[in-house]
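To keep things clear, I will list the structure first and then write my remarks on it.
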Amino acid sequence: MPQPGSAPDLRLFFLLQRAAHRLRTTADRRCLAAAGITTAQLGALFAIRDRPAITQQQLARTLGLRESAVTALVGRLTGAGLVSKQPHPLEHRAVVLELTDSGVAALDAAQPEIDRFNAELRALLGEQGFTETSAALHTLAFWEP
């Protein structure tokens, strides 16, 4: 926190990295306690839920990750029984991903904690600040310089 009367910290990249780390570690701790999954796993489960029969390549694009990272992530999710892999109906080398009943249950268990976390952020930033921050971060997340 800046000291009273001091100039605000304008190192945007540093602040974004620090905020992302703080938010991720807090959210990971809460999601692990509530549902036994990390926020990275949660993001993948939401993407798979929202797009049934998604391929690993499509999941990588959706999450903005390298395919090798998604391969490891999907391996952990299938190993935990949260996701199943089925042969792709048209592409013999591809598989499609589906949530298992345990994957649906993990999302259901995590949702109240996600809602609490977002409510805390809304209280911290105010409704307008939350909305403006969300819009700015969306712009940055999909920026292609």
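When the count follows my numbering, it moves up by one through the sequence shown with no breaks and lands on 216 for the last residue. Just so you know, even glycine gets a beta-carbon here, dropped at the ideal spot from N, CA and C. Since the model is a prediction, treat every value here as computed from it, not as a measurement.
If you compare alpha carbons, which of R93, A91, C102, R89 is closest to A176?
C102
Suppose contacts are defined by Cβ-Cβ distances below 8 Å. Is I125 in contact with L170 by that definition?
no
Looking at the unbroken beta strand (DSSP E) that takes in E215, where does it start and where does it end?
Taken as a continuous stretch (DSSP letters only), E215 belongs to no beta strand (DSSP E), as it is neither H nor E.
Just checking my contact of A165 with L144 at CB under 8 Å: how many whole Å lie between their CB atoms?
Not really, about 17 Å apart at Cβ, beyond 8 Å.
Indicate whether L134 and G114 have their beta-carbon atoms separated by less than 8 Å.
yes
Between the alpha carbons of L178 and F117, how many angstroms are there, rounded?
8 Å
With DSSP run on the structure shown, which of helix, strand or coil describes P183?
helix
Let me confirm a value: L195 is counted as buried when at least 16 other C-beta atoms fall within 10 Å, else exposed. Which label applies?
exposed
Please report how far the alpha carbon of V154 lies from the alpha carbon of L81, in whole angstroms.
42 Å
How far does the beta strand (DSSP E) with D169 in it extend, from its first residue to its last?
Sequence check: residue 169 is Glu here, not Asp. Note, E169: beta strand (DSSP E), 166 to 170.
Closest residue to P158 among G152, A91, Q182, Q127 (Cα-Cα distance):
Q127
Burial state of A131, where buried means 16 or more other Cβ atoms lie within 10 Å:
buried
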